[in-house]
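A.B. asks: Protein chains in written order, with our numbering: chain A, 1 to 152; chain B, 153 to 313.
Cβ coordinates follow ideal geometry from the N, Cα and C atoms, glycine included.
Starting off with a structure, shown below.
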Amino acid sequence: MTRISSPATGTMTLQGLLAAGTYRIQIGGTADTAYRLNVARQPAKMPLDAFEPNNSFETATRLIFLPRKGKFGVVPLRSEWGPGTFQATLHSVLSYMVIGWVINPDYYELEVPESSVFRIPTVTIAETDVPLHVRCMTRHGRSSRRGAVCAA
Amino acid sequence: MRSVNVVPPQKSTCYLEVSGSTVNRYTITTRLKVDGRALPGPLQVEFEPLPKWWGDPEPYRMVGQEKYFAVSVGEDRGDGRAIVFDRPEEPVRIELLDLAGNVVSEASPTANGVRIDTTNVAPGRYLVRVSRDSGIERTARAVDLRLLPPRLGGSGERPRR
Chain A
1 MTRISSPATG TMTLQGLLAA GTYRIQIGGT ADTAYRLNVA RQPAKMPLDA
51 FEPNNSFETA TRLIFLPRKG KFGVVPLRSE WGPGTFQATL HSVLSYMVIG
101 WVINPDYYEL EVPESSVFRI PTVTIAETDV PLHVRCMTRH GRSSRRGAVC
151 AA
Chain B
153 MRSVNVVPPQ KSTCYLEVSG STVNRYTITT RLKVDGRALP GPLQVEFEPL
203 PKWWGDPEPY RMVGQEKYFA VSVGEDRGDG RAIVFDRPEE PVRIELLDLA
253 GNVVSEASPT ANGVRIDTTN VAPGRYLVRV SRDSGIERTA RAVDLRLLPP
303 RLGGSGERPR R
C-alpha cells in the first residue's frame, strides 16, 4: 500500500492492489475530531509478468525441475525457468475476436524428469488473489484428453 | 482453488494451463519432493531433496528449529565428495543421517563453511538434518543456508581421475 498525505487539505490516501478478502482500517488520533472515510474501488491494470508472452502452446514458458549441468557453458536455445518459485499474473487483453477485454490464460511447458519416491516432480500454484483454474495435459492429449493426465 | 500441487507424469513433456475469469496474481513453483512415507521410522514428514550445488540454488531460508533434506551420496560424480554450506550467520548443527534416523556423519567447520565429508560414506540415500543450536531461544530471525562447491569448503577434496 502506498500512503499519500496532504496536510494542507487534511487528506490521507492509502492506495494499493489488494487480494480479495476482508480488511480492517484503523484510524487513530490524539484528540477528538471529525473525519470523512471514503473507500473507492478502481479497476487496476495487472502488470505483465516475466513469462509473457505465454498465451498459447506455441509460446508456452518452459519450466524445468532440475538445474542443467551445462548451465554455465552451454546456452539453451530457448529460455527456461526453474527449479524455483516465480511470480506471475493473469491479465486482461483487448480481443478483436470477441470485441472486448478477455483474460489471457498462461501456458507452461513442463519438462518432467524421471520420478521416484525420493524425487517427485511437483508444480505448485499458490498465493492467488482469487481462485483460478489449472489444467495439465500432455502433448499427445492436446486435442482430446485435456486435463486428464496429472494428479492434483 | 487458491493453492494446488500438480504431479505431472514422469519422463514426459506436458503442458499446464492457468486461467481464470478475472485478473489475478499467483506464484508458480517447480521442485522435486520426497515422499516421506517411503522412509522408515519417525521421520515420515515431507522432505525436499538437497539442491545440487552446481545448479547455483538460491539460499534456503530456514525459519524453524529443524529442517531435513534428502540427499543421494555417490550417485553423481559432479556432486563431489563433500556437502558444504556457507557459514551461516547463526550457529547450526548439520548432520548426515541414514534413512532410519541414525547419525552417520556430522559437519565440521572449515575456513569457508561447514562441511560434511562423504568420502567414506557408502553410496546411497541419506538425510541432511540442519538444526539450530538448542541453547539459543528460537527467534523470528531466519538463517540462510547456501550450498557451496565442495572444493570451496576447505581441504580434503581431491580431483577425481
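One question on the structure: do B:E210 and A:Y107 come within less than 8 Å of each other, judged by their Cβ atoms?
C.D. replies: No. Outside cutoff.
A.B. asks: Since B:T396 and A:E111 are thought to touch, with beta carbons under 8 Å apart, how far apart are those beta carbons, to the nearest angstrom?
C.D. replies: Look at the range of chain B in this structure, 153 to 313, and you will see that residue 396 of chain B is not part of it.
A.B. asks: Mind checking whether A:L132 and B:G172 have CB atoms under 8 Å apart?
C.D. replies: Yes. Within cutoff.
A.B. asks: Helix or strand or just coil, what does DSSP make of A:A126?
C.D. replies: Of the three classes helix, strand and coil, the one that applies to A:A126 here is strand, per DSSP.
A.B. asks: If the criterion is Cβ atoms closer than 8 Å, does the pair B:Y178 and A:A34 meet it?
C.D. replies: No; because the gap between Cβ atoms is not below 8 Å, this pair is not in contact.
A.B. asks: Run through the stretch 231-258 of chain B for me and flag every whole beta strand (DSSP E) of 3 or more residues, listed as ranges in chain order.
C.D. replies: Those beta strand (DSSP E) runs which fall completely within the stretch 231-258 of chain B and span 3+ residues are 234-238, 244-249 and 255-258.
A.B. asks: Taking only beta-carbon atoms, is B:G216 less than 8 Å away from chain A?
C.D. replies: No, B:G216 lies away from the interface with chain A (no Cβ there is under 8 Å from its Cβ).
A.B. asks: Going by the CB atoms, is the gap between A:A88 and A:D32 shorter than 8 Å?
C.D. replies: For A:D32 and A:A88, no; Cβs fall outside 8 Å.
A.B. asks: Using CA coordinates, which residue listed in B:L184, B:D250 and B:G207 is at the minimum distance from B:P131?
C.D. replies: Here chain B comprises residues numbered 153 to 313, so residue 131 of chain B is not present and cannot be evaluated.
A.B. asks: Check the Cβ-Cβ distances between B:I235 and every residue of chain A, and say whether any is below 8 Å.
C.D. replies: Not one chain A Cβ lies under 8 Å of B:I235.
A.B. asks: Is it buried or exposed, B:L377, if we count other Cβ atoms within 10 angstroms and call 16 or more buried?
C.D. replies: It is not possible to answer for residue 377 of chain B, since the shown part of chain B is limited to 153 through 313.
A.B. asks: Just checking my contact of A:P113 with B:K163 at CB under 8 Å: how many whole Å lie between their CB atoms?
C.D. replies: About 7 Å separates the two Cβ atoms, so the contact holds.
A.B. asks: A:A50 CB to nearest chain B CB: under 8 Å?
C.D. replies: Taking Cβ atoms only, chain B never reaches closer than 8 Å to A:A50, which makes this a no.
A.B. asks: Which of the three DSSP states is assigned to B:R281 in this structure?
C.D. replies: Three-state result, B:R281: strand.
A.B. asks: Give every residue of the same chain whose Cβ lies closer than 7 Å to the Cβ of B:A294, excluding the five residues on either side of it in the sequence, and list them in chain order.
C.D. replies: Cβ neighbours of B:A294 beyond the five flanking positions: R213, M214 and V215.
A.B. asks: Taking 7 Å as the limit between beta carbons, can you name the residues of its chain near B:L249, skipping five residues before and five after?
C.D. replies: Only V255, V256, Y278, L279 and R281 meet the Cβ criterion.
A.B. asks: Which residue comes first and which comes last in the beta strand (DSSP E) that contains B:I180?
C.D. replies: Counting along the chain, the beta strand (DSSP E) containing B:I180 begins and ends at N176 to K185.
A.B. asks: Against chain B, which members of the stretch 127-141 of chain A pass a CB distance test of less than 7 Å?
C.D. replies: Result list: E127, T128, D129, V130, P131, L132, H133, V134, R135, C136, M137, T138 and R139.
A.B. asks: Which whole-angstrom value describes the C-beta separation of A:I64 and A:E80, a residue pair presumed to lie in contact below a C-beta threshold of 8 Å?
C.D. replies: Sure, about 5 Å apart at Cβ, within 8 Å.
A.B. asks: Tell me, to the nearest whole angstrom, how far the beta carbon of B:T262 is from that of B:V225; I am working on the premise that it is less than 8 Å.
C.D. replies: Contact doesn't hold; Cβ gap of about 19 Å is too wide.
A.B. asks: For A:T138, tell me which candidate among B:N157, B:V159, B:R154 and B:Y167 has the shortest Cα-Cα distance.
C.D. replies: Checking every option, the nearest Cα to that of A:T138 belongs to B:Y167.
A.B. asks: Measure the alpha-carbon distance for B:A234 versus B:R267 and round it to whole angstroms.
C.D. replies: Cα-Cα distance, rounded: 7 Å.
A.B. asks: Using only CA atoms, which one of B:G276, B:P201 and B:G265 lies nearest to B:E242?
C.D. replies: Of B:G276, B:P201 and B:G265, the residue nearest in Cα terms is B:G265.
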